[in-house]
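Participant: This structure is in structure tokens; I'll ask about it shortly.
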Amino acid sequence: MYQNVYTEDYGDCHQINGRLNKLNDLKDLTIHSYKGHIEKGILSGLNKLERLNIQYTYLSNDNMKEIIALPNLKELYFYNPEFESDFSFELFKKASNIQTLTVHGNLLNYVASGLVKNLTNVKKLVLNAGFEGIPKFVYDIPNLKKLTVNFREVQLD
2 MYQNVYTEDY
12 GDCHQINGRL
22 NKLNDLKDLT
32 IHSYKGHIEK
42 GILSGLNKLE
52 RLNIQYTYLS
62 NDNMKEIIAL
72 PNLKELYFYN
82 PEFESDFSFE
92 LFKKASNIQT
102 LTVHGNLLNY
112 VASGLVKNLT
122 NVKKLVLNAG
132 FEGIPKFVYD
142 IPNLKKLTVN
152 FREVQLD
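All residue numbers for the sequence shown refer to the numbering used here, where the first residue is 2 and numbers rise by one.
Right under this line is the structure:
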């Protein structure tokens, strides 16, 4: 059984769609520089996935519905994501299992706050998105235990 699967593709990624969701024991997945939308259904069946890292990839509401439906997902990482114009951050309210959220990149304040304020069970938050100081929305996270902003750990009392 593989513990790590690495694939590199410079063109059409449709060939991995039918294979990815058959990796039932996969615990860690990185999607990097995926062109276009992640196809609907590609993440379904990954019920043991604990960590999802999305880098330089365009996300839709359908993608987020699949992500928050992953029953064992505890850590979610976004590096310079792009969201479709009608993206609903309220979908995150249903993501009660996500305990760690990391956001890197040049995100607008409303995007970062939309991601964060709806994830009320987050215990660890990393925001390396060019903020000056600690964003106000961080103080509304009731279960937050560990905070890093712009690569600096912040003491929470």
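Every residue gets a Cβ at the ideal spot worked out from N, C-alpha and C, and that includes glycine.
1) Kindly list the residues whose CB is nearer than 6 Å to the CB of L77, restricted to its own chain and excluding five residues on each side of it in sequence; keep chain order.
2) Per DSSP, Y59 forms a beta bridge with which residues?
3) Report the CB separation of H105 from F79 in whole angstroms; it is logged as a contact under 8 Å.
4) Should F90 and L128 be called a contact, given that it needs their Cβ atoms to be closer than 8 Å?
5) Using only CA atoms, which one of I69, F84 and T149 lies nearest to F132?
6) With a floor of 3 residues, list each beta strand (DSSP E) that falls wholly inside the segment 71-148, ordered by position along the chain.
7) Is E67 helix, strand or coil by DSSP?
8) Could you pull out every residue in the same chain whose Cβ sits closer than 8 Å to the Cβ of K124, ignoring the five residues on either side in sequence?
9) Closest by CA to Y57, which one among F93, T31, L157 and I135?
10) Buried or exposed for P72, going by 16 or more other Cβ atoms inside 10 Å?
Facilitator: On the basis of the coordinates in this document:
1) If we look at L77 and ignore the five residues flanking it on each side, its Cβ neighbours are L53, I99 and L102.
2) In DSSP, Y59 forms a bridge with H38 and E83.
3) Contact check for H105 and F79: beta-carbon distance about 7 Å, within the 8 Å limit, so the pair qualifies.
4) No Cβ-Cβ contact shorter than 8 Å links F90 with L128.
5) Across the set I69, F84 and T149, the C-alpha of T149 shows the shortest separation from the C-alpha of F132.
6) Within the segment 71-148, the complete beta strand (DSSP E) runs of at least 3 residues are 76-80, 101-105 and 125-129.
7) E67 falls in the helix class under three-state DSSP.
8) The answer, listed in chain order, is Q100, T101, N144, L145, K146 and K147.
9) For Y57, the nearest C-alpha among the options comes from T31.
10) P72 is exposed by the Cβ-count criterion.
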